[in-house]
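Taking this note's numbering, the leading residue of the sequence shown gets 47, the next gets one more, and so forth.
Note that CB positions come from ideal geometry on N, CA and C, so glycine has one too.
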Amino acid sequence: MAYFSRISTIIAACLAVFSCVGAPVTPRATAVVLEPFEGRATELFDDIIEVPDPNSLGGPPLGATQMQSSSGDQLLRERTQAADLVVRVRVTTITSTRQGNGDRWRVGLRPLARLAGDGDFGGDFSVNVEPDGPSAGVLRAFDERLTGTTFVAFVRRFRRQTAPGTNEFHFHLASDTKDEVDSVIAAEALRQVR
């Protein structure tokens, strides 16, 4: 009996030692606090899709807002430096769903080349266009004809106001031109120097 008592004491001591050691501790990821979509951010990430040449897509002429390029100006530099990610993308899908006040679109984007920013959305991602959004007219006019078109995407993630604990992307899709790409690269170089 004393023999079993001694064995059970040794086993209990070993279990106590091993339970204190435990598994290696992995550092906790720090939670990123996202800003709400308001103020200057609504101008930088205005959910606009610029169409470089509407005639090549076989659609009606667009207003100046959707056709102008922001390359080389202060707005482009600020947008580049505030974005989570600036990347050349190709439109892969455009899907629409009917809502009470019109169609809502989801534009699927495939990254082609990172130009600026530290964000990583893990491959393909999508942005939403609301029925009354600034790019709703572009999507009504061109819809799936935009599939395959390349853009320079300025994207930032924001805290969703209507659903606490969730987030949403806001964006600006600019014409994919050499001028635009060069201006983004220059703006990112300035950010890196600061």
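Contact check for R237 against Q127 passes: the beta carbons are separated by less than 7 Å.
Where L161 is concerned, the enclosing beta strand (DSSP E) starts and stops at G148 to A162. The C-alpha of V239 is placed about 48 Å away from the C-alpha of G146. A distance below 7 Å between beta-carbons, with the five flanking residues on each side excluded, links E190 to the following residues of its chain, in chain order: I140.
Here the stretch 159 to 168 makes no contact with the stretch 81 to 97; the two share fewer than three CB pairs at distances below 8 Å. The DSSP-derived three-state label of V239 is helix. Of all alpha-carbon atoms in F200, K224 and T208, the one lying nearest the alpha-carbon of E124 is that of F200.
Under DSSP, S221 shares a beta bridge with F197. Between the C-alpha atoms of L219 and V135 there is a straight-line separation of about 9 Å.
Taking a C-beta distance under 7 Å as the contact criterion, F188 and D222 do not qualify as a contact pair. If you compare the alpha carbons of E226, K224 and F204 with that of V79, the shortest gap goes to F204.
For V175, the closest of R86, R186 and K224 by C-alpha to C-alpha distance is R186. Taking every protein chain shown into account, the CB of A233 has 16 or more other CB atoms within 10 angstroms, so this residue is buried.
Judged by their CB atoms, E214 and R202 are not nearer to each other than the 7 Å cut-off. The Cβ-Cβ distance between V137 and T195 falls below 7 Å. Around the beta carbon of A129, 16 or more other beta carbons sit within 10 angstroms, so the residue counts as buried. Exposed is the label assigned to E81, since fewer than 16 other Cβ atoms lie within 10 Å of its Cβ.
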